[in-house]
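S.K.: Have a look at this one.
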């Protein structure tokens, strides 16, 4: 099963981002382009305070990135991510806060950008245009198999969404070409979601290792949650293959900055 790639690169306020034709509310998937960080491992749009870059650089980078969706950095909602399926419902009182122990957000509040950080994991943005609800999810393999995509959909339905209206964009992340894993990984996914699921999304290679596809895992989980096939798009960009364009934990062996995905309900 192959989902459409409706992503395109653009530059807004000097910042290079990817957007999805599938998502109509203001949103962006960041790249390394358009920031002020100068050290090679962070250059140039590092969006994480916890990787060793200066706070001044990161604050300026976040401000620039937020302007791509017409917002300002003090309003940005971020997460202390733990590779879980926890999805937090954002209220107006959460604007500008870092929410602990969560890997996703859903909100019906206008003008508050919600974001997740990535550096190989899959960023997932969801929207229901008719009912005006959006979500941002961080889906590493642990969060993926524990069902963060399904939890995001469930939380949106709880805010009045019709699942048939939900549109999903799975942004740039590590793809199966580069995501080589061991048998222990296969066993962990099998134990979490069953042998058939593991076999569909984790394939053996000639080296004896396995290659995992977290985009197809999340796509299947979204489908099982009721999201329509034609409403799901998946970026074909691999963060590991294109580590000059994206920060990649695997390609850099952990010496890297961080990307973000952001979405916001506009004020109209």
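Residue numbers (my numbering): 762 to 1029.
Just so you know, even glycine gets a beta-carbon here, dropped at the ideal spot from N, CA and C.
Take every Cβ of the stretch 994 to 1014, pair it with every Cβ of the stretch 847 to 860, and state whether three or more of those distances are shorter than 8 Å.
M.R.: No, the stretch 994 to 1014 does not touch the stretch 847 to 860.
S.K.: Classify residue 865: buried if its beta carbon has 16 or more other beta carbons within 10 angstroms, exposed otherwise.
M.R.: Answer is buried; the Cβ neighbour count reaches 16.
S.K.: Is it buried or exposed, residue 801, if we count other Cβ atoms within 10 angstroms and call 16 or more buried?
M.R.: Classification of residue 801: exposed, given that the 10 Å Cβ count is below 16.
S.K.: Quick check on residue 967: buried or exposed, where buried means 16 or more other Cβ atoms within 10 Å of its Cβ?
M.R.: Per the 10 Å Cβ criterion, exposed.
S.K.: What's the C-alpha gap between residue 984 and residue 990?
M.R.: Each residue's Cα considered, the two are about 7 Å apart.
S.K.: With a 10 Å radius around its C-beta and 16 neighbouring C-beta atoms as the bar for buried, classify residue 1016 as buried or exposed.
M.R.: By the 10 Å Cβ count, residue 1016 comes out exposed.
S.K.: List the endpoints of the continuous alpha helix (DSSP H) containing residue 947.
M.R.: Per DSSP, residue 947 belongs to the alpha helix (DSSP H) from 944 to 954.
S.K.: What does the Cβ neighbour count give for residue 1028, buried or exposed, with the cut at 16 atoms within 10 Å?
M.R.: Counting Cβ neighbours within 10 Å, residue 1028 comes out exposed, since fewer than 16 surround it.
S.K.: Just the Cα atoms here: how many angstroms apart are residue 785 and residue 969?
M.R.: Whole-angstrom Cα-Cα distance: 43 Å.
S.K.: Would you grab the beta carbon distance between residue 986 and residue 897 for me? Rounded to a whole angstrom, and I think it's under 8 Å.
M.R.: Actually they do not touch by this definition, with Cβ atoms about 16 Å apart.
S.K.: Return the chain-ordered list of same chain residues with a C-beta closer than 6 Å to the C-beta of residue 926, the five sequence neighbours on each side being excluded.
M.R.: Around residue 926: 889 and 891.
S.K.: Looking at the structure shown, is residue 959 part of a helix, part of a strand, or coil, going by DSSP?
M.R.: Looking at residue 959 - three-state DSSP - the assignment turns out to be helix.
S.K.: Report yes or no: do the stretch 875 to 890 and the stretch 1002 to 1021 share at least 3 C-beta pairs separated by less than 8 Å?
M.R.: Because the criterion of three Cβ pairs below 8 Å is met, the stretch 875 to 890 and the stretch 1002 to 1021 touch.
S.K.: With DSSP as the reference, label residue 880 as helix, strand or coil.
M.R.: Looking at residue 880 - three-state DSSP - the assignment turns out to be coil, as it is neither helix nor strand.
S.K.: Find the nearest neighbour of residue 1011 within the set 817, 965 and 941, judged by alpha-carbon distance.
M.R.: Out of 817, 965 and 941, 941 has the C-alpha closest to the C-alpha of residue 1011.
S.K.: Are residue 804 and residue 822 closer than 8 Å when you measure CB to CB?
M.R.: Contact: no.
S.K.: Starting from residue 975, trace the alpha helix (DSSP H) in both directions and tell me its first and last residue.
M.R.: Here the alpha helix (DSSP H) through residue 975 covers 975 to 985.
S.K.: So for residue 925, helix, strand or coil by DSSP?
M.R.: Note: residue 925 maps to helix in three-state DSSP.
S.K.: Taking the beta strand (DSSP E) that residue 772 belongs to, which residues open and close that run?
M.R.: Element bounds for residue 772: 768 to 773.
S.K.: Below 8 Å, can you find three or more Cβ-Cβ pairs linking the stretch 927 to 937 to the stretch 968 to 982?
M.R.: They touch, by the three-pair rule.
S.K.: Find out if the Cβ-Cβ distance for the pair residue 796, residue 783 is shorter than 8 Å.
M.R.: No, they are not a contact pair.
S.K.: In angstroms with no decimal places, state the Cα-to-Cα distance between residue 1005 and residue 881.
M.R.: Using only the alpha carbons, I get a separation of about 13 Å.
S.K.: Rank 951, 868 and 960 by C-alpha distance to the C-alpha of residue 915 and give the top, closest one.
M.R.: The shortest Cα separation from residue 915 among 951, 868 and 960 belongs to 868.
S.K.: Hey, residue 844 and residue 903 are a contact pair by Cβ (cut 8 Å); roughly how many whole angstroms apart?
M.R.: Indeed, because the Cβ distance is near 4 Å, the residues count as touching under 8 Å.
S.K.: On a Cα-Cα basis, can you pick out the residue from 933, 946 and 1003 that is closest to residue 766?
M.R.: Checking every option, the nearest Cα to that of residue 766 belongs to 933.
S.K.: Exposed or buried, what is residue 780 when buried is set at 16 or more other beta-carbons lying within 10 Å of its beta-carbon?
M.R.: Residue 780 comes out buried.
S.K.: Just verifying my parser: in three-state terms, what is the DSSP assignment at residue 930?
M.R.: Reduced to three states, the DSSP call for residue 930 is strand.
S.K.: Is residue 886 near residue 788, with beta carbons less than 8 Å apart?
M.R.: Yes; because the gap between Cβ atoms is below 8 Å, this pair is in contact.
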